[in-house]
Amino acid sequence: DVKVTQSSRYLVKRTGEKVFLECVQDMDHENMFWYRQDPGLGLRLIYFSYDVKMKEKGDIPEGYSVSREKKERFSLILESASTNQTSMYLCASMNNPGANVLTFGAGSRLTVL
Amino acid sequence: QKEVEQNSGPLSVPEGAIASLNCTYSDRGSQSFFWYRQYSGKSPELIMFIYSNGDKEDGRFTAQLNKASQYVSLLIRDSQPSDSATYLCAVSGGMNTGFQKLVFGTGTRLLVSP
Chain A
1 DVKVTQSSRY LVKRTGEKVF LECVQDMDHE NMFWYRQDPG LGLRLIYFSY DVKMKEKGDI
61 PEGYSVSREK KERFSLILES ASTNQTSMYL CASMNNPGAN VLTFGAGSRL TVL
Chain B
114 QKEVEQNSGP LSVPEGAIAS LNCTYSDRGS QSFFWYRQYS GKSPELIMFI YSNGDKEDGR
174 FTAQLNKASQ YVSLLIRDSQ PSDSATYLCA VSGGMNTGFQ KLVFGTGTRL LVSP
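Protein sequence lines, in the order shown, are assigned to chains A and B. Those letters in the first sequence? Residues 1 to 113, per our numbering, in order. Those letters in the second sequence? Residues 114 to 227, per our numbering, in order.
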């Protein structure tokens with residue numbers, strides 16, 4: 001089974017801090033994704049990457065950046081955290097080519113004070 | 114109009130009953146359709162996917178797709194209290210959006226009472 005591992009389960013940061021959320025997958029998938037999930041808004045795509053060093057903006061990229069230096073690792077960066085970025089962040093990996101099935105990590109719950 | 118719409122619920126059914134969860138989508142070019150289950154505090158996990166019109170069965174779960182009506186549903190037979198969760202419908206983007214990009218509904222909360 002694909003395993004997607006997110007480095008931090010819970011984080012508490014202060015406004016203005018730089019935040020790194022890391023995600024690693026172990027199945028050699030090309031496509032990786034970062035979503036955030038908020039009550040009533042569902043899952044919204046922040047960024048995705050279809051290859052090393054390649055990235056595309058999702059629906060809500062403002063305030064975020066990403067890095068994909070190695071195939072297995074996809075990092076989400078909040079350059080200057082704000083309180084409205086308090087959320088659950090979900091990393092996912094997608095099989096390729098194939099059924100376009102997303103496998104999610106356990107999630108990182110970020111609180112920005 | 115939201116791209117993927119689901120009734121937020123909660124949908125309450127007694128143990129042993131059939132639960133019917135529904136989803137509509139707006140992009141006619143969408144090719145792949147998914148149902149994920151999410152327990153409180155956990156991440157979504159895949160239940161089923163379907164590509165073709167008609168029904169697809171897997172154990173107690175049946176996914177139904179009607180592309181003409183832009184409608185996908187999930188039936189859960191013999192519902193169990195352990196099925197109580199939020200069910201997320203996800204739809205792949207069409208040619209303009211990109212097939213790798215899944216758009217999620219906000220989910221339907223299912224409660225199965227013993």
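For each residue, glycine too, the CB sits at the ideal point set by N, CA and C.
- According to DSSP, residue pairing for residue 182 of chain B in a beta bridge does not occur.
- Rounded to the nearest whole angstrom, the C-alpha separation of residue 34 of chain A and residue 131 of chain B is 34 Å.
- Within the stretch 114 to 155 of chain B, the runs of beta strand (DSSP E) at least 3 residues long that lie entirely inside it are, in chain order, 124 to 127, 132 to 138, 146 to 151.
- Proximity of chain B to residue 31 of chain A at the Cβ level (cut-off 8 Å) is accounted for by 213, in chain order.
- Residue pairing by DSSP places residue 213 of chain B opposite no residue, since no beta bridge is assigned to it.
- Against residue 159 of chain B, the close residues of chain A are 101, in the order they occur along the chain (beta-carbon pairs closer than 7 Å).
- In this model, residue 72 of chain A and residue 227 of chain B are separated by some 43 Å (Cα to Cα).
- Residue pairing for residue 41 of chain A: DSSP places it in no beta bridge.
- Counting of Cβ neighbours within 10 angstroms places residue 45 of chain A among the buried residues, the total reaching 16 or more.
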